[in-house]
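Reviewing the structure listed below.
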Ligand code: SF4
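In this note's numbering, the protein residues as written are 695 to 1155.
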């Protein structure tokens, strides 16, 4: 193992992170080929505004949990011990040549905010929600270990899957591992989630080294910015986590190490495209295996959707009547993959256009004006309208803030509770989801319940 590790790591600059982190487990755990180009990715993978904001959110949580306070109480002196760490992070983002000017400006702003303990009101409110849950556990006698560095060497046989767990709480033989998700793009759930399961195993290894026995485990995702999904818990056990993760991920990590150590021996069998693996893979824009896989899906589904192949086909039958249910389900299942592939292709085209590639046959044009431009100008526009003689009450419409906007304002928890009681949320329109979706199915309305058969005689008396 040591020889394989040395060979795989030769030429890699040590940036303090392991090669196959728990957060990337769905990629390297499903596709060993994703390790190719990891060297470039560690240096050049661009950051984006949400990821930078997420890191700031994690720093905010770390300060709070380490000093047992809420974000609103963070004072300059309390962030002082963390400033060196945050400055190192800012310098890393600035040094990455792939980062856009927008990301650079944003990380400088985040760093400034952190140094002045001046977090925006949404971050103060959202991080406080997670702090509140954690402090409820500590008040029940749980020991809290924030930002715990964990090693998976005991289970994996090497140190290249190590990571940092956001929240660890222990009481007796019960372990709680919490992970903060500050992003809003994708809802994350704890059930069978490799990332948080690996963190839990790392924490269990840490417990074993201290003689602490762990039996039952709660894995929690705190993603309050999506549907108020504040502390979504999966109750499990050490054995369930071990059996679910280690047999597969230990092998997968060794295979990925072999890909790095012996690139000349890599074959197409090392690539295993799937939505899970490819979504966050740094090679997704350029990977031949993924491109090929998506083309096959497209061709297969085009054939399935070809009305001429359908047994239902008749010249006057509408197209939709020719699609059978199995084909429809397959197409919907493949949708995220196809869309992801198209987005990746568009991103690559965008990159080439920005580089000035004139042979591409595509060009950059001005996008439509963003609404934020208009909203930031609103006070001036209103003042100008009023200056023209239009009464203020005619120039503006006053309307109540939405529940989501109200949630972001500073108010006491009593007032917030009272206001929430006033808010009645209407149900959204039903949407199509896969069988695997954890939301319960709703029964379609039965028209017979609502409409009686018409009596023609009634109309033609
Ligand atoms: S894009 Fe998908 S198939 Fe290609 S290397 Fe990455 S995970 Fe593997």
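C-beta: ideal position from N, C-alpha, C; glycine also.
Taking residue i as the reference, which of the options has the closest Cα?
i: residue 865; options: 857, 909 and 1116; result: 909
i: residue 758; options: 698, 828 and 703; result: 828
i: residue 1047; options: 1058, 948 and 988; result: 1058
i: residue 731; options: 824, 1032 and 702; result: 702
i: residue 925; options: 872, 836, 961 and 896; result: 872
i: residue 897; options: 920, 862, 749 and 808; result: 862
i: residue 947; options: 815, 725 and 711; result: 725
i: residue 936; options: 891, 952 and 1052; result: 891
i: residue 860; options: 760, 1116 and 802; result: 760
i: residue 857; options: 712, 1144 and 1018; result: 712
What do you get for residue i, buried or exposed, if any count of 16 or more other CB atoms within 10 angstroms of its CB means buried?
i: residue 982; result: exposed
i: residue 780; result: buried
i: residue 1082; result: exposed
i: residue 875; result: buried
i: residue 1038; result: buried
i: residue 784; result: buried
i: residue 993; result: exposed
i: residue 697; result: exposed
i: residue 752; result: buried
Please state whether the Cβ-Cβ distance between residue i and residue j is less than 7 Å.
i: residue 848; j: residue 899; result: yes
i: residue 720; j: residue 970; result: yes
i: residue 979; j: residue 1029; result: no
i: residue 695; j: residue 851; result: yes
i: residue 825; j: residue 893; result: no
i: residue 746; j: residue 800; result: yes
i: residue 984; j: residue 967; result: yes
i: residue 802; j: residue 754; result: no
i: residue 882; j: residue 917; result: yes
i: residue 723; j: residue 943; result: yes
i: residue 741; j: residue 787; result: yes
If you reduce the DSSP assignment to three classes, tell me which class residue i lands in.
i: residue 945; result: helix
i: residue 923; result: strand
i: residue 916; result: strand
i: residue 865; result: strand
i: residue 767; result: helix
i: residue 873; result: strand
i: residue 852; result: coil
i: residue 893; result: helix
i: residue 1157; result: The structure shown has nothing for residue 1157, since the chain only spans 695 to 1155.
i: residue 746; result: helix
i: residue 940; result: helix
i: residue 1080; result: helix
i: residue 817; result: helix
i: residue 1093; result: coil
Based on the DSSP secondary-structure assignment, which residues constitute the bridge partners of residue i?
i: residue 844; result: 857
i: residue 930; result: 911
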